[in-house]
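K.L.:
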Amino acid sequence: MRIAFFTDTYLPNRDGVVASMTNFRGELEKRGHEVYVFTSGSEEAKKANKDPRVFFHRSTTFKPYPQYKVALFPFLSSAQKVRDLKIDVVHSHALATMAMAAIGASKAAHRPLVGTFHTMVSDAADFYLKDLNKHKRLSKISKGVTWGYLKFMFKQCTVATAPSECTGRILAEHGINAEIVPNGIDIQRFNPSVSGEEVRRKHGLAGRKVVLHLGRLALEKNLEVLIRSCLIVREEEPNVRFVVVGDGPARKYYEELVKKEGLESSFVFTGIVSDEMVPKYYAACDVLAFPSVFETQGLVALEAMACGKPVAAANKYALPEVVRNGEDGYLFEPSDETECAKKILQCMKEKNRLGKNGRKIAEEYDLKKCADKLEKIYERIVK
Numbered sequence: 128m129r130i131a132f133f134t135d136t137y138l139p140n141r142d143g144v145v146a147s148m149t150n151f152r153g154e155l156e157k158r159g160h161e162v163y164v165f166t167s168g169s170e171e172a173k174k175a176n177k178d179p180r181v182f183f184h185r186s187t188t189f190k191p192y193p194q195y196k197v198a199l200f201p202f203l204s205s206a207q208k209v210r211d212l213k214i215d216v217v218h219s220h221a222l223a224t225m226a227m228a229a230i231g232a233s234k235a236a237h238r239p240l241v242g243t244f245h246t247m248v249s250d251a252a253d254f255y256l257k258d259l260n261k262h263k264r265l266s267k268i269s270k271g272v273t274w275g276y277l278k279f280m281f282k283q284c285t286v287a288t289a290p291s292e293c294t295g296r297i298l299a300e301h302g303i304n305a306e307i308v309p310n311g312i313d314i315q316r317f318n319p320s321v322s323g324e325e326v327r328r329k330h331g332l333a334g335r336k337v338v339l340h341l342g343r344l345a346l347e348k349n350l351e352v353l354i355r356s357c358l359i360v361r362e363e364e365p366n367v368r369f370v371v372v373g374d375g376p377a378r379k380y381y382e383e384l385v386k387k388e389g390l391e392s393s394f395v396f397t398g399i400v401s402d403e404m405v406p407k408y409y410a411a412c413d414v415l416a417f418p419s420v421f422e423t424q425g426l427v428a429l430e431a432m433a434c435g436k437p438v439a440a441a442n443k444y445a446l447p448e449v450v451r452n453g454e455d456g457y458l459f460e461p462s463d464e465t466e467c468a469k470k471i472l473q474c475m476k477e478k479n480r481l482g483k484n485g486r487k488i489a490e491e492y493d494l495k496k497c498a499d500k501l502e503k504i505y506e507r508i509v510k
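Positions 128 to 510 (my numbering) are the ones given, in order, by the sequence shown.
In structure tokens:
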């Protein structure tokens, strides 16, 4: 089959949506399918692109989140390209103009459309439109408008999918019926035999307990709670190091908060690391801390679990499906730094038991199994 992914973000950006798409794309292409990517992006990304199956559309900066771009008028060109390539199925991973382009292209080419809900966008205004959310009535209206748009968008799809049961239930509450197709992970790449010694040497972590956070540094990732939990964790583990891997619009804010709390000696901000190094960072840690309040699944938690690491995670949205309290990690209330600290310490004490259980659970999300589900949907709707 020839498959067209439409997305608002792609490489060189790194986030859960990009990870999901690149994982599925790689597995589908191993099976002989051709996967093309239609995306927004900067001029630099467009010029640097060497992938003949990736098409960047002229874009402008999304001001609330400067790392992301919004495609300008991608509709006609993408529709023509879908026809020219004789695409069999269009798959939208997008929410903004690229989602509308996917709808238009599927209609123009008379091809089926799959739409995946990746991001809890209805909550985005809480973080990026704070002036609006000072007024409860306006906040309620904004969420209503958002869900109205999403309902319209997914009604255009032949099949809608969600990456977790929790996310599927939320969509159903708003009149959107979605099939569950979890995002998969490469359980060979992420495994307990990976060594973390290179990372420990690089950051001077020998003999220390290590708490890892890996992902976008954005407001919805809720790192304030993690940062403040460090004060409590240090009382029991004075030599602990919190290693923060990734970048994003809130990085400077979080770094300044660390300084304000006098925690510079306990934190390491690495920025973005190479794909090759990611499993090694998991291997170097004692526990992954995941305080995010925005997850539709939680790929980072699954990657850490596949490496045999326990996870202390916020009890919010889809995370409890992956982090099963007392089995492969512990859950805490998202706003409670004291509870966060306690769960981190508990994970450290029980890391062997929790880590072994976590590996078994992560194997349920083997990329091959998840790609089977997606491939069956494609086969069912392609005529």
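Built from N, CA and C at the ideal position, the CB exists for glycine as well.
Remember, predicted model here, so these are calculated numbers, not experimental data.
Going straight from the alpha carbon of residue 402 to that of residue 370, what length do you get?
P.N.:
Working through the sequence shown from its first residue, we reach residue 402 at position 275. Working through the sequence shown from its first residue, we reach residue 370 at position 243. Cα-Cα distance, rounded: 17 Å.
K.L.:
What would DSSP say about residue 281, mapped onto helix, strand or coil?
P.N.:
Locating residue 281 in the sequence shown gives position 154, counting from the first residue. Reduced to three states, the DSSP call for residue 281 is helix.
K.L.:
Please say whether residue 360 and residue 429 have beta carbons closer to each other than 8 Å?
P.N.:
Counting from one through the sequence shown, the residue named residue 429 turns up at place 302. Counting from one through the sequence shown, the residue named residue 360 turns up at place 233. Not closer than 8 Å, so no.
K.L.:
Please determine if the region 274 to 293 and the region 366 to 383 are in contact, where contact requires at least 3 C-beta pairs separated by less than 8 Å.
P.N.:
No, the region 274 to 293 is not in contact with the region 366 to 383.
K.L.:
In angstroms with no decimal places, state the Cα-to-Cα distance between residue 173 and residue 182.
P.N.:
The sequence position of residue 173 within the sequence shown is 46, counting from 1. The sequence position of residue 182 within the sequence shown is 55, counting from 1. Those two C-alpha atoms are separated by around 8 Å.
K.L.:
Roughly how many angstroms lie between the CA atoms of residue 213 and residue 250, to the nearest whole one?
P.N.:
Here residue 213 refers to the residue found at position 86 of the sequence shown. Here residue 250 refers to the residue found at position 123 of the sequence shown. Going by the C-alpha atoms only, they are around 37 Å apart.
K.L.:
Please give the ranges of any beta strand (DSSP E) in the region 324 to 396, keeping only runs that are unbroken, at least 3 residues long and fully inside the region.
P.N.:
Correct list: 337 to 341 and 368 to 372.
K.L.:
Which runs of the alpha helix (DSSP H) fall wholly inside the region 162 to 215 and span at least 4 residues, in chain order?
P.N.:
You should have 170 to 175 and 202 to 211.
K.L.:
Checking the sheet assignment: what are the DSSP bridge partners for residue 231?
P.N.:
For the purposes of this step, residue 231 is identified with residue 104 of the sequence shown, where counting begins at 1. Residue 231 pairs with nothing; no bridge assigned.
K.L.:
When DSSP labels each residue in this structure, what does residue 240 get in the three-state scheme?
P.N.:
Numbered from its first residue, the sequence shown carries residue 240 at position 113. Strand at residue 240.
K.L.:
Return the Cβ separation of residue 463 and residue 438 in integer angstroms, given the expectation that the two are a contact with Cβ distance under 8 Å.
P.N.:
On the sequence shown, position 336 is the one that residue 463 refers to. On the sequence shown, position 311 is the one that residue 438 refers to. Rounded, the Cβ-Cβ distance is 17 Å, inconsistent with contact.
K.L.:
Under the assumption that residue 354 contacts residue 380 (Cβ atoms under 8 Å), give the Cβ distance between them as a whole number of angstroms.
P.N.:
For the purposes of this step, residue 354 is identified with residue 227 of the sequence shown, where counting begins at 1. For the purposes of this step, residue 380 is identified with residue 253 of the sequence shown, where counting begins at 1. Incorrect: roughly 10 Å between the Cβ atoms, too far for contact.
K.L.:
Using the C-alpha atoms, what's the distance from residue 496 back to residue 248?
P.N.:
Reading the sequence shown from its first residue, position 121 is the one you call residue 248. Reading the sequence shown from its first residue, position 369 is the one you call residue 496. Near 27 Å, if we compare the C-alpha coordinates of residue 496 and residue 248.
K.L.:
Taking the Cβ atom as the reference point for each residue, do residue 285 and residue 130 lie within a distance shorter than 8 Å?
P.N.:
The residue labelled residue 285 in the question sits at position 158 within the sequence shown. The residue labelled residue 130 in the question sits at position 3 within the sequence shown. No, they are not a contact pair.
K.L.:
Compute the beta-carbon to beta-carbon distance between residue 458 and residue 450, rounded to the nearest angstrom, for a pair I have assumed lies under 8 Å.
P.N.:
Here residue 458 corresponds to residue number 331 of the sequence shown, with the count starting at 1. Here residue 450 corresponds to residue number 323 of the sequence shown, with the count starting at 1. The Cβ separation is near 6 Å, so the contact holds.
K.L.:
Give the DSSP bridge partners of residue 458, in chain order.
P.N.:
Taking the sequence shown and counting its residues from 1, one reaches residue 458 at position 331. In the DSSP output, where bridge partners are listed per residue, residue 458 has 440.
K.L.:
Out of curiosity, what's the CA-to-CA distance linking residue 350 and residue 418?
P.N.:
Taking the sequence shown and counting its residues from 1, one reaches residue 350 at position 223. Taking the sequence shown and counting its residues from 1, one reaches residue 418 at position 291. If I take the Cα positions, the gap works out to 7 Å.
K.L.:
Rounded to whole angstroms, what's the CA-CA distance from residue 161 to residue 276? Just pull it up for me.
P.N.:
In the sequence shown, residue 161 corresponds to position 34, counting from 1. In the sequence shown, residue 276 corresponds to position 149, counting from 1. Answer to the nearest angstrom: the Cα atoms are 31 Å apart.
K.L.:
Assuming contact is defined by CB atoms lying nearer than 8 Å, are residue 312 and residue 433 in contact in what I supplied?
P.N.:
Stepping through the sequence shown from its first residue, residue 312 is reached at position 185. Stepping through the sequence shown from its first residue, residue 433 is reached at position 306. In contact: residue 312 and residue 433 (Cβ atoms closer than 8 Å).
K.L.:
For residue 171 and residue 479, I'd like the C-alpha separation in whole angstroms.
P.N.:
Along the sequence shown, read from residue 1 onward, the residue named residue 171 stands at position 44. Along the sequence shown, read from residue 1 onward, the residue named residue 479 stands at position 352. For residue 171 and residue 479, the distance between alpha carbons rounds to 45 Å.
K.L.:
Please check the pair residue 436 and residue 467, which I expect to be a contact at CB under 8 Å, by giving their CB distance rounded to whole angstroms.
P.N.:
The sequence position of residue 436 within the sequence shown is 309, counting from 1. The sequence position of residue 467 within the sequence shown is 340, counting from 1. Actually they do not touch by this definition, with Cβ atoms about 17 Å apart.
K.L.:
State the beta-bridge partners of residue 306 as determined by DSSP.
P.N.:
Here the question's residue 306 lines up with position 179 in the sequence shown. DSSP lists 288 as partners of residue 306.
K.L.:
So what does DSSP say about residue 158, is it helix, strand or coil?
P.N.:
Taking the first residue of the sequence shown as 1, we reach residue 158 at position 31. Coil.
K.L.:
The alpha helix (DSSP H) spanning residue 481 covers which residue range?
P.N.:
Position 354 of the sequence shown, counted from the start, is the residue given in the question as residue 481. Start and end: 478 to 489.
K.L.:
Where does the unbroken beta strand (DSSP E) through residue 414 begin, and where does it stop?
P.N.:
For the purposes of this step, residue 414 is taken as the residue at position 287 of the sequence shown. First-last of the beta strand (DSSP E) with residue 414: 414 to 417.
K.L.:
Taking DSSP's pairing of strands, which residues face residue 398 in a bridge?
P.N.:
Along the sequence shown, one-based indexing puts residue 398 at 271. Its beta-bridge partners are 372.
K.L.:
If you follow the alpha helix (DSSP H) that residue 504 is in, where does it begin and where does it stop?
P.N.:
Translated into the one-based positions of the sequence shown, residue 504 becomes position 377. It spans 494 to 508 - the alpha helix (DSSP H) in which residue 504 sits, taken as one unbroken run.
K.L.:
Do residue 221 and residue 135 have their beta-carbon atoms positioned less than 8 Å apart in this structure?
P.N.:
Here residue 135 refers to the residue found at position 8 when the sequence shown is read from its first residue. Here residue 221 refers to the residue found at position 94 when the sequence shown is read from its first residue. Yes; because the gap between Cβ atoms is below 8 Å, this pair is in contact.
K.L.:
According to DSSP, simplified to helix, strand and coil, what is residue 152?
P.N.:
What you label residue 152 is simply residue 25 of the sequence shown in a count that begins at 1. Note: residue 152 maps to helix in three-state DSSP.
K.L.:
Taking the C-alpha atoms as reference points, what is the distance between residue 208 and residue 273?
P.N.:
On the sequence shown, residue 208 is found 81 positions in, with the first residue counted as 1. On the sequence shown, residue 273 is found 146 positions in, with the first residue counted as 1. Looking at the two C-alpha atoms, the distance is approximately 29 Å.
K.L.:
What are the boundary residues of the beta strand (DSSP E) that residue 131 is part of?
P.N.:
Against the sequence shown, residue 131 aligns to sequence position 4. 129 to 134 is the span of the beta strand (DSSP E), which, as asked, contains residue 131.
K.L.:
Would you kindly check if the distance between the Cβ of residue 155 and the Cβ of residue 498 is under 8 Å?
P.N.:
For this step, residue 498 is matched to residue 371 along the sequence shown. For this step, residue 155 is matched to residue 28 along the sequence shown. A contact, by the Cβ cut-off of 8 Å.
K.L.:
Does residue 316 come within less than 8 Å of chain B when only Cβ atoms are used?
P.N.:
In the structure shown, chain B cannot be found, because there is only a single protein chain.
K.L.:
Leaving out five residues before and five after residue 186 in sequence, what residues of the same chain have Cβ atoms less than 8 Å from its Cβ?
P.N.:
Mapped onto the sequence shown, residue 186 falls at position 59. Taken in chain order, the residues that qualify are 167, 168, 169, 196, 197, 198 and 199.
K.L.:
Since residue 303 and residue 278 should fall inside the 8 Å C-beta cutoff, what is the C-beta to C-beta distance between them, to a whole number of angstroms?
P.N.:
For the purposes of this step, residue 303 is identified with residue 176 of the sequence shown, where counting begins at 1. For the purposes of this step, residue 278 is identified with residue 151 of the sequence shown, where counting begins at 1. Yes, residue 303 and residue 278 are in contact; Cβ-Cβ is about 6 Å, under 8 Å.
K.L.:
Tell me the DSSP secondary structure of residue 217 in three-state form.
P.N.:
Looking up residue 217 in the sequence shown gives position 90. Residue 217 falls in the strand class under three-state DSSP.
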